[in-house]
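Here the sequence shown stands for residues 0 to 253, where the numbers follow numbering that gives the first Met the number 0. From the three backbone atoms N, C-alpha and C, an ideal C-beta is built for every residue, glycine too.
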Amino acid sequence: MDYKIYDTHCHLTDEKFDFDRKKLIESLHENNVEKAMIPSDTVENSIKAIELSHEYEFLYNAVGIHPEEDKNFTDEDIATISKLCDDYKCKAIGEIGLDYHYEHDKERQKYLFESQMQIADEKKLPVIIHTRDAIQDTFDILKKYPNVRGIMHSYSGSYEMAKLFMNLGYYISFSGVVTFKNAKNVKEVCAKIPIEKMLVETDSPYLTPHPYRGKRNEPKYVNLVLQEVAFLKNLTEKQASEIICRNADDIFGW
Ligand code: NI
0 MDYKIYDTHC HLTDEKFDFD RKKLIESLHE NNVEKAMIPS DTVENSIKAI ELSHEYEFLY
60 NAVGIHPEED KNFTDEDIAT ISKLCDDYKC KAIGEIGLDY HYEHDKERQK YLFESQMQIA
120 DEKKLPVIIH TRDAIQDTFD ILKKYPNVRG IMHSYSGSYE MAKLFMNLGY YISFSGVVTF
180 KNAKNVKEVC AKIPIEKMLV ETDSPYLTPH PYRGKRNEPK YVNLVLQEVA FLKNLTEKQA
240 SEIICRNADD IFGW
């Protein structure tokens, strides 16, 4: 392969990587993956992400509390995130946002999300946004913070909404979902988004791309996401990867 790519979202602290984490990380370069970003869900795995990113020059961390922690987080946890993000390998706050899919507490989620948006604003860090069944509320909160930029992680919304996020300064990130045979809508949206506004990710160990669906996802499968994006944009993989890596370098300050 004649290109290099980054995985801008892989949960390398997940227990599904416990038995082969070191081997997997040390084979990233031979699989074309030059850098990787480890996002977090809780204070506990934010600390793990920081530790792991200190072990390898090409790994970076994002610290944050996921909206599905709405029942569990405390104000002290938010204060801890504000301290953890001073880490020298921390390049974003995330993943944060809103998720109304399962039973949830809307007000607690909004409070958690806004508290972390304020931290991002204060510390001048970008945000990695998770949104599910809550895209309008997510947008309404993001637009209250015009100085914060970020990434719409594993995007599966409409093109109309994507345009609004792009106008706010957000990148649109595609995951393995774009490779799924039945993901017609995501493919159509991807084809319309300018490559200059796009990122790729795996969200591993989840969302494994075609043809490995059902197996554990790994950062190296970001190549399959890139291949699909290049195809949809009518570009070579080399052309697409160069622009997408530049986008990631821009948002994460790599
Ligand atoms: Ni994720």
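From I64 to I95, what distance separates their C-alpha atoms?
By one-based count along the sequence shown, residue 64 stands at place 65. By one-based count along the sequence shown, residue 95 stands at place 96. Those two C-alpha atoms are separated by around 6 Å.
N-terminal and C-terminal residue of the alpha helix (DSSP H) that A239 is part of:
Taking the first residue of the sequence shown as 1, we reach residue 239 at position 240. Counting along the chain, A239 sits inside the alpha helix (DSSP H) bounded by residues E236 to F251.
Flag E94 as yes when its Cβ comes closer than 7 Å to any non-hydrogen atom of the ligand NI, and as no otherwise.
As a working note, residue 94 is residue 95 in the sequence shown. For the ligand NI, at least one heavy atom lies less than 7 Å from the Cβ of E94.
Enumerated in chain order, which unbroken segments of the beta strand (DSSP E) with a length of 3 residues or greater are wholly contained in the region 180-217?
Taking 3 residues as the minimum length, the beta strand (DSSP E) runs contained wholly in the region 180-217 are 197-199, in order along the chain.
Is it a yes or a no for the region 112-131 touching the region 150-158, going by three-plus beta-carbon pairs under 8 Å?
Note that the region 112-131 touches the region 150-158; at least 3 beta-carbon pairs, one per stretch, sit closer than 8 Å.
List the endpoints of the continuous alpha helix (DSSP H) containing M165.
Counting from one through the sequence shown, the residue named residue 165 turns up at place 166. Taken as a continuous stretch (DSSP letters only), the alpha helix (DSSP H) holding M165 covers Y158 to N166.
Using alpha carbons as the reference points, say which of I250, S240, K105 and T235 lies closest to V32.
Residue numbering aside, residue 32 sits at position 33 when the sequence shown is read from its first letter. Residue S240 is the option with its Cα nearest to V32.
May I ask which residues mark the beginning and end of the beta strand (DSSP E) holding M36?
Residue 36 sits at position 37 when you count from the first residue of the sequence shown. In this chain, the beta strand (DSSP E) harbouring M36 covers V32 to I37.
Express the C-alpha separation of K82 and G156 in angstroms, rounding to a whole number.
As a working mapping, residue 156 is identified with position 157 in the sequence shown. As a working mapping, residue 82 is identified with position 83 in the sequence shown. Spanning the two alpha carbons is a distance of roughly 33 Å.
With a Cβ-Cβ cutoff of 8 Å, do T137 and C9 count as a contact?
The count along the sequence shown starts at 1 and reaches residue 137 at position 138. The count along the sequence shown starts at 1 and reaches residue 9 at position 10. Contact flag unset, no.
Top-ranked residue by Cα proximity to E29, from V228, N233, Y220 and R245
Translated into positions along the sequence shown, residue 29 becomes position 30. For E29, the closest C-alpha among the options V228, N233, Y220 and R245 is that of Y220.
Can you tell me whether A91 is buried or exposed? The criterion is at least 16 other CB atoms within 10 Å of its CB, across all chains shown.
For this step, residue 91 is matched to residue 92 along the sequence shown. Under this definition A91 is a buried residue.
Three-state secondary structure assigned by DSSP to T7:
The residue you call residue 7 lines up with position 8 of the sequence shown. If DSSP states are grouped into helix, strand and coil, T7 belongs with coil.
Report the residue from K21, N181 and L231 whose alpha carbon sits nearest the alpha carbon of A190.
Mapped onto the sequence shown, residue 190 falls at position 191. It is L231.
Quick check: is any heavy atom of the ligand NI less than 7 Å from the C-beta of P38?
Locating residue 38 in the sequence shown gives position 39, counting from the first residue. In terms of side-chain proximity, the C-beta atom of P38 is found nearer than 7 Å to a non-hydrogen atom of the ligand NI.
Taking C-beta to C-beta, are G175 and L206 nearer than 8 Å?
As a first step, residue 175 must be located in the sequence shown, where it is residue number 176. As a first step, residue 206 must be located in the sequence shown, where it is residue number 207. Going by C-beta atoms, G175 is nearer than 8 Å to L206.
Closest residue to L111 among E75, L58, I134 and L234 (Cα-Cα distance)
By one-based count along the sequence shown, residue 111 stands at place 112. Here the closest residue by C-alpha is E75.
Can you say whether P210 is buried or exposed, counting buried as having 16 or more other CB atoms within 10 angstroms of its CB?
In the sequence shown, residue 210 corresponds to position 211, counting from 1. When all chains shown are included, P210 counts as exposed.
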